[in-house]
Amino acid sequence: MMGAWAGCLLILCGQALSPAEKSLIDAVWTALQTHENYVRQHRGYLAFLDSHADIASAEEAWNALVCQGALRGAADTFEESLLTNETARRAWDHYTETLARDDALRVAEDSWYRVVLGPEAIGAHGCAGVFWLQANAGDAIRFLENPARLVPLPGPLNPLQTWFAAHPRTRDEWRNAFQKLYACAAAHHSVFPWWKMCPPEYQQFFARLARHPADFWTWRRHALAWAAEPRARDWARYWRGCVRRDSTLSDRYAAYVLFLRERPAWQSAADRVWEKDFGPVPAWPPSSEPPGLEPAASAAPPVFPRKESDFIPPRRPGKPGITMPDMPEKPEKPKLKESAAPRFKRGEVETPRQAVPQ
């Protein structure tokens with residue numbers, strides 16, 4: 022059942038809700054109220070979106086994609102890796118911030134990704150070759166100019182070499198796009214260092230995005246929009262981390278934000294209720310650095326090889342006692358009768374002696 026607050030909201034905004042929407046709002050509102058920090062972050066985050074149309078548009082598009090569920094696991098894993106790996110986080114932030122303020126660099130990298138994510142390309146050769154080229158820029162130029170120049174050929178490039186042999190025009194497009202990016206001085210201290218680092222969490226995430234290029238461009242727009250506001254990006258990253266650590270919000274918050282953005286009357290009514298209980302909307306993002314978060318709980322990986330206790334069957338209750346019969350005594354071995362008169366005695370037999378030569 023919906024709480025009393027929901028009835029107040031229904032009266033305030035005068036809009037009917039479906040049962041699914043009522044359940045969503047009730048669950049999220051109840052979860053937010055459990056922590057005052059949740060309320061501050063939520064209200065500040067929404068107020069920031071209201072005053073930054075570009076970021077709000079990119080956020081709504083990404084939330085709509087995440088709500089479908091296919092990308093959320095890989096996206097969460099990548100973002101958690103940024104929270105726990107400071108080196109990767111600094112490299113990623115420098116990479117995206119440089120792209121956000123350098124239009125020429127962003128256009129050059131966009132051109133590279135357009136040819137890489139072209140029709141059927143990833144499906145034919147996978148992402149391993151793309152990761153190798155991006156991590157080895159100098160060798161990538163030589164390979165794209167002539168795939169036979171690298172001897173021996175690295176394993177990840179074998180599928181690409183076969184693909185280029187059948188699609189020479191595609192190789193020309195890859196070469197031209199990579200050369201233009203390589204000619205950008207900013208790429209050598211922002212793009213290529215990130216590509217060379219390329220954590221496994223990012224590789225998994227990119228491989229999922231590459232299956233549907235439209236998803237990649239939605240995510241890229243979202244990442245670069247937040248990169249234009251570094252302090253807000255850091256606090257948004259912290260707030261998403263809080264959401265992921267809450268069992269109720271992790272599955273519902275993105276859908277709830279979309280609901281509020283699509284129905285401004287509900288957001289205004291909720292603001293009035295929040296203001297009555299918690300005061301005006303706090304300044305967001307705060308001027309301080311966001312606090313650290315405890316590592317997110319994750320499912321334990323399977324143990325291999327299995328421990329002995331994993332495959333030994335549980336001890337069964339003992340069987341009822343059985344009295345076994347006693348074994349019979351072994352009979353004595355019968356004795357042989359001695360002969361009354363032996364045919365000869367050992368002492369009576371004479372052994373002939375050899376003659377002594379004269």
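Numbering (the working numbering), first residue to last: 22 to 379.
In this text, a Cβ means the ideal position worked out from N, Cα and C, and glycines have one as well.
Return yes when the Cβ of residue 222 is within less than 7 Å of the Cβ of residue 99, no when it is not. Taking the first residue of the sequence shown as 1, we reach residue 99 at position 78. Taking the first residue of the sequence shown as 1, we reach residue 222 at position 201. Taking 7 Å as the Cβ cut-off, residue 99 and residue 222 qualify as a contacting pair.
By Cβ distance below 7 Å, which residues in the same chain neighbour residue 317 in space, the five residues on each side in sequence not counted? Residue mapping note: residue 317 aligns to position 296 of the sequence shown, counting from 1. Spatial neighbours of residue 317 in its own chain (CB-CB distance under 7 Å, excluding positions within 5 residues in sequence) are listed in chain order as 101, 265, 266.
Helix, strand or coil at residue 179 according to DSSP, with G and I counted as helix: The sequence position of residue 179 within the sequence shown is 158, counting from 1. If DSSP states are grouped into helix, strand and coil, residue 179 belongs with the helices.
Going by other Cβ atoms of all chains shown within 10 Å of its Cβ, with 16 needed for buried, is residue 210 buried or exposed? Within the sequence shown, the letter at position 189 stands for residue 210. By the 10 Å Cβ count, residue 210 comes out exposed.
For residue 117, which of 104, 62, 243 has the nearest alpha-carbon? Counted from its first residue, the sequence shown places residue 117 at position 96. Ranking the options by Cα distance to residue 117, first place goes to 243.
In chain order, what residues of the same chain lie with their CB nearer than 8 Å to the CB of residue 225, ignoring the 5 residues before and after it? Working through the sequence shown from its first residue, we reach residue 225 at position 204. So the qualifying residues of the chain are 95, 98, 99.
Which of helix, strand or coil DSSP assigns to residue 64: Walking along the sequence shown from the start, residue 64 turns up at place 43. In the structure shown, residue 64 sits in a helix (DSSP, three-state: H, G or I).
Taking the alpha carbon of residue 260 as the reference point, which residue from 231, 307, 301, 241 has its own alpha carbon closest? Taking the sequence shown and counting its residues from 1, one reaches residue 260 at position 239. Nearest Cα to residue 260 within the set 231, 307, 301, 241: 307.
Under three-state DSSP, which class holds residue 302? Position 281 of the sequence shown, counting from 1, holds the residue named residue 302. Judged by DSSP in its simplified three-state form, residue 302 adopts coil rather than helix or strand.
Helix, strand or coil at residue 348 [DSSP, three-state]: Numbered from 1 along the sequence shown, position 327 holds the residue referred to as residue 348. Here residue 348 sits in coil by DSSP.
Look at the Cβ atom of residue 218, then the Cβ atom of residue 121, and state whether they are nearer than 7 Å. For the purposes of this step, residue 218 is identified with residue 197 of the sequence shown, where counting begins at 1. For the purposes of this step, residue 121 is identified with residue 100 of the sequence shown, where counting begins at 1. Not closer than 7 Å, so no.
Compute the Euclidean distance between the alpha carbons of residue 135 and residue 168, then round it to the nearest angstrom. Taking the first residue of the sequence shown as position 1, residue 135 is located at position 114. Taking the first residue of the sequence shown as position 1, residue 168 is located at position 147. Approximately 21 Å, taken between the alpha carbons.
For residue 317, does the three-state DSSP call read helix, strand or coil? Along the sequence shown, one-based indexing puts residue 317 at 296. It is coil, neither helix nor strand.
Output needed for residue 279: all residues of its chain with C-beta closer than 8 Å, excluding positions within five of it in sequence on either side, in chain order. For the purposes of this step, residue 279 is identified with residue 258 of the sequence shown, where counting begins at 1. Only residues of its own chain outside the window of five on either side were considered, and among them 81, 84, 85, 88 have a CB closer than 8 Å to the CB of residue 279, listed in chain order.
With burial defined as no fewer than 16 other Cβ atoms inside 10 Å of the residue's Cβ, what is the status of residue 61: buried or exposed? By 1-based counting over the sequence shown, the position of residue 61 is 40. In summary, residue 61 is buried, with 16 or more beta-carbon neighbours lying within 10 Å of its beta-carbon over all protein chains present.
Hey, how far is the Cα of residue 139 from the Cα of residue 288? Mapped onto the sequence shown, residue 139 falls at position 118. Mapped onto the sequence shown, residue 288 falls at position 267. Those two C-alpha atoms are separated by around 40 Å.
On the CB-based measure, 16 or more other CB atoms within 10 Å of its CB, does residue 257 come out buried or exposed? Locating residue 257 in the sequence shown gives position 236, where the first residue counts as 1. With 16 or more other Cβ atoms inside 10 Å of its own Cβ, residue 257 counts as buried.
According to DSSP, simplified to helix, strand and coil, what is residue 58? Residue 58 sits at position 37 when you count from the first residue of the sequence shown. Looking at residue 58 - three-state DSSP - the assignment turns out to be helix.
Helix, strand or coil, according to DSSP, for residue 103 in the structure here? Position 82 of the sequence shown, counting from 1, holds the residue named residue 103. Assignment of residue 103 by DSSP, reduced to helix, strand and coil, places it in the helix class.
Quick one, are the C-beta atoms of residue 231 and residue 143 less than 7 Å apart? Residue 231 sits at position 210 when you count from the first residue of the sequence shown. Residue 143 sits at position 122 when you count from the first residue of the sequence shown. Cβ atoms of residue 231 and residue 143: closer than 7 Å.
What did DSSP end up calling residue 239 once you bin it into helix, strand or coil? Counting from one through the sequence shown, the residue named residue 239 turns up at place 218. Of the three classes helix, strand and coil, the one that applies to residue 239 here is helix, per DSSP.
The alpha helix (DSSP H) that contains residue 191, what's its start and end? What you label residue 191 is simply residue 170 of the sequence shown in a count that begins at 1. For residue 191, the enclosing alpha helix (DSSP H) has its first and last residue at 189 to 203.
For residue 42, tell me which candidate among 274, 297, 352, 309 has the shortest Cα-Cα distance. Locating residue 42 in the sequence shown gives position 21, where the first residue counts as 1. Of the listed residues, the one whose Cα sits closest to residue 42 is 274.
What three-state label does DSSP hand residue 354 in the structure shown? The residue labelled residue 354 in the question sits at position 333 within the sequence shown. Residue state, collapsed to three classes: coil.
Pairwise C-alpha distance: residue 253 and residue 310: Residue mapping note: residue 310 aligns to position 289 of the sequence shown, counting from 1. Residue mapping note: residue 253 aligns to position 232 of the sequence shown, counting from 1. The alpha-carbon of residue 310 is positioned some 10 Å away from that of residue 253.
Collapsed DSSP secondary structure at residue 88 in the structure displayed: Within the sequence shown, the letter at position 67 stands for residue 88. Three-state DSSP puts residue 88 in coil, outside helix and strand.
Own chain, CB closer than 7 Å to residue 270, minus 5 neighbours either side, in chain order: Your numbering for residue 270 matches position 249 in the sequence shown. Excluding sequence positions up to five before and after residue 270, its CB lies within less than 7 Å of the CB of 49, 52, 264, all in the same chain and listed in chain order.
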